[in-house]
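Visitor: In full-length UniProt numbering, the protein residues as written are 1 to 467.
A virtual CB, placed ideally from N, CA and C, is assigned to each residue, including glycine.
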Ligand code: GDP
Ligand code: GDP
């Protein structure tokens with residue numbers, strides 16, 4: 001679980017500049033949910049070692065008379081979804097009536113709000129900042145988003161108080177590499193003794209597999225969750241206390257433990273006679289972060305939309321295993337089926353490691369087979385990879401296909417070691433590796449995927465310069 005930061009403020013104060021700066025470090029992981037969220041943009045950020053989600057509320061349209069109404073439409077939901085709110089103002093513009101209207105609202109909400117004065121570059125910021133105390137939101141934090149000045153200090157200030165609430169705020173430690181000790185460990189550990197089946201079994205016995213059922217509204221998430229819970233072979237346990245986010249349903253099937261992360265709120269709805277839950281992007285993103293395996297449900301009748309791609313992009317960036325579930329496969333004409341299949345080929349090529357299931361949650365067709373892919377993905381993501389093995393595979397890949405020349409010198413891959421599980425991470429050391437073209441990186445990745453027989457999980461490969 002990571003905290004959520006919302007950026008609010010008038011247009012032009014620098015929200016998207018700050019958003020881009022905060023999200024940049026983890027490559028294009030910004031999700032737009034057209035139609036669903038109007039102008040809100042969501043990004044997973046990893047900044048100065050902190051993990052969080054940031055929401056940019058781009059488009060308060062600037063009619064400063066009606067700012068409350070405008071905020072009601074979209075900033076309010078972002079504020080509701082957030083753990084911390086950053087209220088941006090423009091140092092150069094001074095306090096405007098739009099700022100005052102927003103401050104009026106923000107003073108009433110019950111979560112931390114930080115007043116952030118942006119564009120303090122090249123001006124005597126202190127004298128400008130004084131003005132903003134009139135907004136009665138306490139201290140102001142001066143930054144220049146465009147240049148990065150003050151941003152890491154700000155992130156520290158707002159996130160440090162949340163460290164206890166959000167244990168995942170720091171990314172999992174990557175094992176520091178020590179070649180000798182790694183190799184020594186390899187030799188002492190008789191890892192070749194177990195057959196792949198035995199190893200898989202061991203991995204599956206270890207702990208419950210958490211799988212999240214995610215997708216746009218109406219794709220059939222609740223229907224699928226209910227179908228799973230209603231299956232004969234499934235034993236559903238009483239839930240421990242529900243969280244404010246998704247609902248966690250522990251269950252058992254064929255002696256294996258699972259936890260469904262139910263973003264559609266099936267269980268809760270049953271209890272409290274609630275109306276249908278609002279689709280929440282944040283809830284979905286958190287479920288993805290917390291799951292071992294993400295079931296992305298797609299509606300065969302709707303095809304693959306940008307929202308589906310955004311969700312998949314998030315799961316991929318979070319390093320999660322993915323199973324693609326094409327639902328409502330009942331009663332479709334053959335040409336519709338062909339159409340969606342070719343759409344999948346075309347648009348989901350970037351997750352060709354993910355298993356694909358065509359099911360009918362309504363009738364139960366194909367639902368039982370989902371566990372095969374869930375188990376497989378989990379086992380793949382947690383497979384034991386040793387230094388000797390990944391180095392051997394790297395050498396085979398290089399023998400089959402040499403890295404290209406860059407500026408007259410051949411890129412050299414020297415050795416590899418494991419950098420962690422979930423997703424399996426492999427670190428390759430060499431010379432000039434930062435110049436490797438993407439095509440060769442992909443080649444190496446696919447080579448590992450085939451050699452290690454890893455389906456369902458992304459594989460992360462980091463290239464490091466030098467020894
Ligand atoms: P938004 O509408 O609040 O998302 O604002 P933008 O991020 O689009 O920024 C509006 C304008 O302010 C752009 O021209 C930015 O380049 C500029 N801007 C943003 N941050 C800074 C800053 O720190 N210093 C200066 N001088 N300009 C900035
Ligand atoms: P959610 O918003 O993703 O939880 O979607 P629901 O589970 O509420 O389903 C939305 C609608 O799709 C409902 O009317 C369901 O009956 C229907 N639906 C769900 N699964 C299937 C399916 O496999 N086949 C068909 N034909 N309809 C389905």
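Exposed or buried, residue 7, counting other C-beta atoms within 10 Å across all chains shown (16 or more means buried)?
Guide: Residue mapping note: residue 7 aligns to position 7 of the chain shown, counting from 1. Residue 7 comes out buried.
Visitor: Less than 8 Å between the CB atoms is what I'm expecting for residue 457 and residue 373, so what's the real figure, rounded?
Guide: Position 457 of the chain shown, counted from the first residue, corresponds to residue 457. Position 373 of the chain shown, counted from the first residue, corresponds to residue 373. Wrong, their Cβ atoms sit about 11 Å apart, outside the cutoff.
Visitor: Confirm the yes/no value for this check: CB of residue 330, any heavy atom of ligand 2, distance under 8 Å.
Guide: Against the chain shown, residue 330 aligns to sequence position 330. Yes, Cβ of residue 330 sits closer than 8 Å to a heavy atom of ligand 2.
Visitor: Report the option in 401, 290 and 223 whose CA atom is closest to the CA atom of residue 367.
Guide: On the chain shown, residue 367 is found 367 positions in, with the first residue counted as 1. The candidate whose alpha carbon is nearest that of residue 367 is 223.
Visitor: By how many angstroms is the C-alpha of residue 148 removed from the C-alpha of residue 129?
Guide: To locate residue 129, count along the chain shown from 1; it is residue 129. To locate residue 148, count along the chain shown from 1; it is residue 148. Between residue 129 and residue 148, the C-alpha separation is close to 18 Å.
Visitor: Along the chain, which unbroken stretches of the beta strand (DSSP E) at least 3 residues long are found entirely within the region 69 to 145?
Guide: 84 to 90, 113 to 118 and 140 to 142
Visitor: Measuring alpha carbon to alpha carbon, tell me which residue in 104, 221, 333 and 168 is nearest residue 286.
Guide: As a first step, residue 286 must be located in the chain shown, where it is residue number 286. For residue 286, the nearest C-alpha among the options comes from 168.
Visitor: Return helix, strand or coil for residue 334, following the three-state DSSP convention.
Guide: Locating residue 334 in the chain shown gives position 334, counting from the first residue. Here residue 334 sits in helix by DSSP.
Visitor: If I'm right that residue 436 touches residue 403 with Cβ under 8 Å, what's the distance once you round it to whole angstroms?
Guide: Walking along the chain shown from the start, residue 436 turns up at place 436. Walking along the chain shown from the start, residue 403 turns up at place 403. About 6 Å; that satisfies the 8 Å criterion.
Visitor: State yes or no: is the C-beta of residue 218 nearer than 8 Å to some heavy atom of ligand 4?
Guide: Inclusion of ligand 4 in the displayed structure is not the case, the ligand content consisting of ligand 1 and ligand 2 alone.
Visitor: Taking all protein chains shown into account, do 16 or more other C-beta atoms lie within 10 angstroms of the C-beta of residue 30, making it buried, or fewer, making it exposed?
Guide: In the chain shown, residue 30 corresponds to position 30, counting from 1. Reliability of the predicted coordinates at residue 30 is poor, the pLDDT of 45 falling under 50, and no value is obtained from them.
Visitor: Comparing alpha-carbon positions, which option in 256, 382, 220 and 221 lies nearest residue 237?
Guide: Position 237 of the chain shown, counting from 1, holds the residue named residue 237. Nearest C-alpha to residue 237: 256.
Visitor: Under a three-way DSSP split, which group does residue 12 fall into?
Guide: Looking up residue 12 in the chain shown gives position 12. Coil.
Visitor: Just the Cα atoms here: how many angstroms apart are residue 424 and residue 387?
Guide: Numbered from 1 along the chain shown, position 424 holds the residue referred to as residue 424. Numbered from 1 along the chain shown, position 387 holds the residue referred to as residue 387. Rounded to the nearest angstrom, the two C-alpha atoms are 13 Å apart.
Visitor: With a threshold of 16 other CB atoms inside 10 Å of the CB of residue 176, please say whether the residue is buried or exposed.
Guide: Here residue 176 is taken as the residue at index 176 of the chain shown, counted from 1. The predicted position of residue 176 is uncertain, since its pLDDT is 42 and thus under 50; a value taken from the coordinates is nonetheless stated next. Classification of residue 176: exposed, given that the 10 Å Cβ count is below 16.
Visitor: Report the partner residues of residue 322 according to the DSSP bridge assignment.
Guide: Residue numbering aside, residue 322 sits at position 322 when the chain shown is read from its first letter. For residue 322, which the question treats as bridged, DSSP gives the partners 294.
Visitor: Runs of 4 residues minimum, wholly inside the region 381 to 458: which ones carry the alpha helix (DSSP H) assignment?
Guide: 387 to 400 and 438 to 452
Visitor: Taking only the alpha-carbon atoms, compute the straight-line gap between residue 290 and residue 158 and give it to the nearest angstrom.
Guide: In the chain shown, residue 290 corresponds to position 290, counting from 1. In the chain shown, residue 158 corresponds to position 158, counting from 1. Roughly 22 Å separates the two Cα atoms.
Visitor: Give the single residue among 170, 399, 135 and 259 whose Cα lies nearest to the Cα of residue 105.
Guide: Here residue 105 is taken as the residue at index 105 of the chain shown, counted from 1. With distances taken between Cα atoms, residue 105 lies closest to 135.
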